[in-house]
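This report concerns only the one structure given below.
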Amino acid sequence: MSEPVAAYGFLHWLTANNNVLRFCLKTETWSFLTVPENLASDRSLKLTRYEGKLGVFRSRSKEGVDYQELWVLESSLGSSWVKVKKIESMGLEPIGFLSNDVVTLADVDKKFLHNYNMNNGKSQKLQIRSPGFSPNMDASLSYFHLCSDFKRVEFEVGLVFSFSFYMVTEETRV
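Note that numbering that gives the first Met the number 0 has the sequence shown beginning at 0, numbered continuously upward.
Shown next, in the form of structure tokens:
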């Protein structure tokens with residue numbers, strides 16, 4: 000099974016036969032969703048979260064060009080999946096979103112990360128520099144979104160990459 004993806008108040012996992020197993024955090028119940036029928040037999044699917052919604056990446060190749068399709072589930076209740084983006088993959092694997100327009104991609108060996116702007120098609124290679132980071136490490140393990148239930152604050156770490164951080168302020172305390 001895949002890593003869990005949180006959306007719509009559920010945790011979602013992609014099973015080996017391309018069903019989506021989900022756990023409702025409110026009712027603590029399990030259920031299944033189906034991926035779009037035209038994706039059901041595809042072995043390249045990967046779950047993601049896009050604009051707060053459950054999404055699935057599909058790897059494709061046409062006329063020698065590799066690309067990813069991003070499909071999004073429109074509602075937690077339905078089975079309406081919509082193809083929202085087509086991303087030239089450049090031999091890279093999507094690992095998450097930096098923003099609604101920027102997807103973070105990793106090379107096959109996961110030694111380098113790239114931020115790809117889906118609107119303008121531009122890509123920026125990220126250099127990972129931190130104490131204890133070795134070029135032999137999996138770069139995708141060094142990239143993460145830090146979040147909690149508090150007020151969101153955006154900041155950049157040098158020119159390397161951005162991530163989100165939530166901090167407690169007087170106005171957010173109950």
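Note that beta-carbon positions come from the ideal geometry of N, C-alpha and C, so glycine has one too.
Item                                                                                                                                                                                : Value
In whole angstroms, what separates the C-alpha of D65 from that of L91?                                                                                                             : 9 Å
Here's the rule: buried if 16 or more other CB atoms are within 10 angstroms of the residue's CB, otherwise exposed. What is F9?                                                    : buried
Do you know whose CA, among T26, N16, S30 and P3, lies nearest S78's CA?                                                                                                            : S30
Count the other CB atoms, across all protein chains shown, that sit within 10 Å of the CB of L174; report buried if there are 16 or more and exposed otherwise.                     : The chain is shown only over 0 to 173; residue 174 falls outside these bounds and no answer can be derived.
Got a sec, what are the start and stop residues for the beta strand (DSSP E) V34 sits in?                                                                                           : Here V34 belongs to no beta strand (DSSP E), and DSSP marks it neither H nor E.
Could you tell me which residues DSSP pairs with A15 in its beta bridges?                                                                                                           : A15 is not bridged to any residue.
Go through its chain and collect everything with a Cβ distance to V4's Cβ below 7 Å, but skip five positions before and after it.                                                   : H11, L46, T47, R48 and L53
Give every residue of the same chain whose Cβ lies closer than 8 Å to the Cβ of M0, excluding the five residues on either side of it in the sequence, and list them in chain order. : W12, L13, T14, A15 and L20
Going by DSSP in three states, F111 sits in which element: helix, strand or coil?                                                                                                   : coil
Quick one: does P3 have its CB under 8 Å from some CB of chain D?                                                                                                                   : Here chain D cannot be found, since the structure has a single protein chain.
Inspect the beta-carbon positions of L44 and L38 and report whether they are closer than 8 Å.                                                                                       : yes
Here's the rule: buried if 16 or more other CB atoms are within 10 angstroms of the residue's CB, otherwise exposed. What is L24?                                                   : exposed
Candidates E73, S58, N18 and E36: which alpha carbon is nearest Y7's?                                                                                                               : E73
Is it right to say I86 is buried, meaning 16 or more other beta carbons lie within 10 angstroms of its own, or is it exposed?                                                       : buried
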